[in-house]
Amino acid sequence: MARTAMSLATRGEPARRPIHSLDEAREIWLLEFRRVRAETESRAAQLSAEDQIVQSMADASPAKWHRAHVTWFFEQFLLVPHDPSYKIFDERFPFLFNSYYVAVGPRHARPRRGLITRPNGEDVAAYRAHVDAAVERLIGQVPAADAERVFAVVEIGLHHEQQHQELLITDILHAFAQNPTDPTYDPNWQPPRAAQGPRGYVEVPAGIYAIGHDEGGFCFDNETPLHDELIPHVRIARYLVTNGEWLEFIAAGGYTTPSLWLSDGWTTVQADYWQAPGYWREKDDTWHVMTLGGLKPVDPAGPVQHVSYYEADAFARFASKHLPSEAEWEVAARANVMVDAFGKVWQWTRSAYLPYPGYRAAEGALGEYNGKFMVSQMVLRGSSLATPEGHTRVSYRNFFYPQSRWQFSGLRLAEFE
Ligand SMILES: [Fe+2]
1052 MARTAMSLAT RGEPARRPIH SLDEAREIWL LEFRRVRAET ESRAAQLSAE
1102 DQIVQSMADA SPAKWHRAHV TWFFEQFLLV PHDPSYKIFD ERFPFLFNSY
1152 YVAVGPRHAR PRRGLITRPN GEDVAAYRAH VDAAVERLIG QVPAADAERV
1202 FAVVEIGLHH EQQHQELLIT DILHAFAQNP TDPTYDPNWQ PPRAAQGPRG
1252 YVEVPAGIYA IGHDEGGFCF DNETPLHDEL IPHVRIARYL VTNGEWLEFI
1302 AAGGYTTPSL WLSDGWTTVQ ADYWQAPGYW REKDDTWHVM TLGGLKPVDP
1352 AGPVQHVSYY EADAFARFAS KHLPSEAEWE VAARANVMVD AFGKVWQWTR
1402 SAYLPYPGYR AAEGALGEYN GKFMVSQMVL RGSSLATPEG HTRVSYRNFF
1452 YPQSRWQFSG LRLAEFE
């Protein structure tokens, strides 16, 4: 997807255990490569060929494009530089499936990805198989002197592919939400339920805290450098904001009260006729929401999803509360005092997506992964129901534009003295 890069200087192994030999490292990376690549295909397998070419808006990409783009990533950044015998599968593909890497060369316009009906699905499947075989060969044969560098690129390629696995889901949900027949991605899908327990707020004492990645293992470069931040005394909501609370916001005129909104947010509310979170619609006088399981009644107990930063900010003002900063969120997450910090919805913070002190993007094209997006976006923390297994970290920084709401994005509140 269009975001994260990693620091090639921060490496780990998927199993998070010491690697005793090159052969053992080859085996670990081979298994991890197969696991992650198979997950992409598993997510796409629920979609028809027609489903896989649709692009419902410029921000969303077709599933077929996701499957090809993550494959191009391995071809471009792993095989071409590290395997002298590798032959490009199709000379037209780098133009079609490069996302935003200017240093790599020209590319097809993002809003027109849905027009690429050919190469077709079988061509993309053959592309994946060709690259899979070459990567597996490289992992099995890389000389010891190059192994660390090669495995580091395999690793970022897999984390990159996992980001696209989440996008594949959010993008097809957006497409299905435009379809009057309310298609179902997964008939067995169940909406997330909020965990039960005492609600209220948890205390985060004022202090200077280390923020950023320090656990060992993989991280993206935007999670570094580890640095100190001064945190005020803050109380952070134990629970996510629920649909029931959002219904109260709607009933109280939340979407029709300009004083609750940032100026850009109010402009967006009016321009896009927002009256509720994304994918909500009234049917038989009841709010329903388009989900991966089709159109469902809104569950008051579930965490609100598909809200933008503008909406999260307006809700916080309505509740006479605030959004936590990303550092406050991270301190609370490390203290393990929040319920549903991970696995339900990404949580908007009041922090702009900026470089940490001393941050430098990596040299070369991979340096474009994260650093060049550090303006005009807001940070979300945690992870969502669509985040693949093994892709969650307490220091993970997700980021989207403040009007974006097609991700599984929600919020939790904070309050100060
Ligand atoms: Fe990407």
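If you count by my numbering, then the sequence shown holds residues 1052 to 1468, one letter each, in order.
Quick reminder that beta carbons are idealized off the backbone N, C-alpha and C, glycines included.
Short Cβ contact (8 Å threshold) for residue i with residue j
| i | j | result |
| --- | --- | --- |
| residue 1193 | residue 1125 | no |
| residue 1437 | residue 1217 | yes |
| residue 1325 | residue 1319 | yes |
| residue 1123 | residue 1145 | yes |
| residue 1117 | residue 1201 | no |
| residue 1097 | residue 1115 | no |
| residue 1409 | residue 1276 | yes |
| residue 1327 | residue 1293 | no |
| residue 1392 | residue 1155 | no |
| residue 1121 | residue 1206 | no |
| residue 1191 | residue 1128 | no |
| residue 1220 | residue 1086 | no |
Rounded straight-line distance, which links the Cα of residue j to that of residue i
| i | j | result |
| --- | --- | --- |
| residue 1340 | residue 1363 | 18 Å |
| residue 1092 | residue 1223 | 14 Å |
| residue 1073 | residue 1198 | 8 Å |
| residue 1053 | residue 1262 | At residue 1053, the pLDDT of 35 sits below 50, so the modelled position is not reliable; the number obtained from the coordinates is stated separately. In a straight line, the C-alpha of residue 1053 is about 24 Å away from that of residue 1262. |
| residue 1063 | residue 1345 | Residue placement at residue 1063 cannot be trusted, given a pLDDT of 38 that sits under 50; what the coordinates show is reported in the next sentence. Between residue 1063 and residue 1345, the C-alpha separation is close to 39 Å. |
| residue 1448 | residue 1273 | 7 Å |
| residue 1083 | residue 1226 | 30 Å |
| residue 1171 | residue 1309 | 48 Å |
| residue 1196 | residue 1315 | 53 Å |
| residue 1165 | residue 1108 | 9 Å |
| residue 1288 | residue 1250 | 8 Å |
| residue 1143 | residue 1420 | 22 Å |
| residue 1374 | residue 1464 | 5 Å |
| residue 1435 | residue 1407 | 24 Å |
| residue 1105 | residue 1180 | 23 Å |
| residue 1065 | residue 1259 | With a pLDDT of 46 at residue 1065, under the threshold of 50, the modelled position of that residue is not reliable, and the figure given next carries that caveat. Roughly 31 Å between the two C-alpha positions. |
| residue 1466 | residue 1379 | 11 Å |
| residue 1376 | residue 1468 | 15 Å |
| residue 1442 | residue 1183 | 21 Å |
| residue 1351 | residue 1369 | 18 Å |
| residue 1299 | residue 1242 | 20 Å |
Beta-carbon separation (whole angstroms), residue i vs residue j, contact threshold 8 Å
| i | j | result |
| --- | --- | --- |
| residue 1451 | residue 1425 | Not really, about 13 Å apart at Cβ, beyond 8 Å. |
| residue 1148 | residue 1119 | 5 Å |
Member of the options whose CA lies at the smallest distance from the CA of residue i
| i | options | result |
| --- | --- | --- |
| residue 1454 | 1312, 1297, 1265, 1078 | 1312 |
| residue 1385 | 1266, 1321, 1249 | 1266 |
| residue 1168 | 1352, 1420, 1100 | 1100 |
| residue 1456 | 1468, 1405, 1359 | 1359 |
| residue 1278 | 1137, 1220, 1382, 1321 | 1382 |
| residue 1006 | 1177, 1220, 1203 | It is not possible to answer for residue 1006, since the shown part of the chain is limited to 1052 through 1468. |
| residue 1395 | 1376, 1332, 1462 | 1462 |
| residue 1150 | 1389, 1357, 1163 | 1163 |
| residue 1403 | 1390, 1088, 1431 | 1431 |
Neighbour flag for residue i against chain C, beta carbons, 8 Å
| i | result |
| --- | --- |
| residue 1254 | Given the protein chain composition of this structure (a single chain), no chain C is represented. |
Quiz item: Between the segment 1265–1285 and the segment 1248–1256, are three or more C-beta pairs nearer than 8 Å?
Solution: Touching, per the Cβ criterion.
Quiz item: Would you say the segment 1350–1365 touches the segment 1396–1414, given that touching needs at least three Cβ pairs under 8 Å?
Solution: yes
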